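Reading through the structure tokens given below for one structure.
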Amino acid sequence: MKLSGFPLCLLCTTLLWLAHGWSLRRCVISTDIHHIEKSFQGIKNEIVSMDSGGNGVGVLSLEWLSPGNKNLLRFYVDRSFRNHEMSDPKILRGLSTMANSFLKIMNALEQCQNKTSCHCREEVTKKSQLIVRNYEQMEAKAAAIKSLGELDIFLSWINRNYQPKAATK
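Counted the way mature numbering (1 follows the signal peptide of the UniProt record, and there is no 0) counts, the sequence shown spans residues -21 to -1, 1 to 148.
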């Protein structure tokens, strides 16, 4: 009778170990993504109305987003948030809030990736280069507006991939 309990105990221990291992491969971001989304929703209509269309070229695509993609955060901080040339104080406040949040997320991802030894760097780099290439096909101001208008794609991806399950609503 004790022998039949051993396989069950071994199975439970193995499942717990696997669950722990899977959670270590995934970085959890403590930044409130809903706050960033709220900031974005407050200015999205104004940004989208400024988008001239970019000749049908989009900057982001969900299939280009990869786990551990702090490169995309850096892309937004270094290019989109800097090249927008907007003067509306409401938009500037929203962009500033989002840029600061992205910096916090970048730091958290970097620390997590250093601890977990992310092995996805080559794939992430290739996909990030696709996004940068699309961005560079447009004039800087138009590309910044286009990428900011597509920010909701990136935010929903972050929400699905980096938020603790209990925190998502």
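Glycine residues also receive a C-beta, built at the ideal position from the N, C-alpha and C atoms. Owing to the predicted nature of the structure, the values given are computational and were not obtained by experimental measurement.
Inset, instruction - Report yes if the CB atom of Ile110 is closer than 8 Å to the CB atom of Phe54, and no otherwise. - result: Going by C-beta atoms, Ile110 is nearer than 8 Å to Phe54.
Inset, instruction - Go ahead and label Glu118 buried or exposed: buried means 16 or more other beta carbons lie within 10 angstroms of its beta carbon, across all protein chains shown. - result: Exposed: under 16 other Cβ atoms inside 10 Å.
Legend entry - Straight-line gap, Ile124 to Ala78 (C-alpha atoms, nearest Å): Between Ile124 and Ala78, the C-alpha separation is close to 14 Å.
Legend entry - Sequence-distant residues of its chain with Cβ nearer than 6 Å to Leu74 (five each side left out): The answer, listed in chain order, is Phe60.
Inset, instruction - Tell me, to the nearest whole angstrom, how far the beta carbon of Glu64 is from that of Lys120; I am working on the premise that it is less than 8 Å. - result: Right, the Cβ-Cβ distance comes to about 5 Å (below 8 Å), so this counts as a contact.
Inset, instruction - Give the single residue among Glu25, Glu89 and Thr10 whose Cα lies nearest to the Cα of Asp67. - result: Scanning Glu25, Glu89 and Thr10 for the CA closest to the CA of Asp67 turns up Glu25.
Inset, instruction - Please confirm whether Ile70 and Ile22 have their CB atoms less than 8 Å apart. - result: Taking a C-beta distance under 8 Å as the contact criterion, Ile70 and Ile22 qualify as a contact pair.
Legend entry - Beta-carbon contacts of Thr76 that lie in its chain and below 8 Å, excluding the five residues immediately before and after: Once the five neighbours on either side are set aside, the close Cβ partners of Thr76 are His14, Ile15 and Ser18.
Inset, instruction - State the start and end residues of the unbroken alpha helix (DSSP H) segment that holds Phe60. - result: Phe60 -> no alpha helix (DSSP H), and no H or E assigned at all.
Inset, instruction - Would you kindly report the start and end of the unbroken alpha helix (DSSP H) that includes Met29? - result: Where Met29 is concerned, the enclosing alpha helix (DSSP H) stretches over Ile12 to Met29.
Inset, instruction - Would you kindly report the start and end of the unbroken alpha helix (DSSP H) that includes Ser126? - result: For Ser126, the enclosing alpha helix (DSSP H) stretches over residues Ala119 to Gly128.
Inset, instruction - Could you say which of Ser126, Ile132, Trp136 and Arg139 lies nearest to Val56 if we only look at CA atoms? - result: For the residues Ser126, Ile132, Trp136 and Arg139, the minimum Cα distance to Val56 belongs to Ser126.
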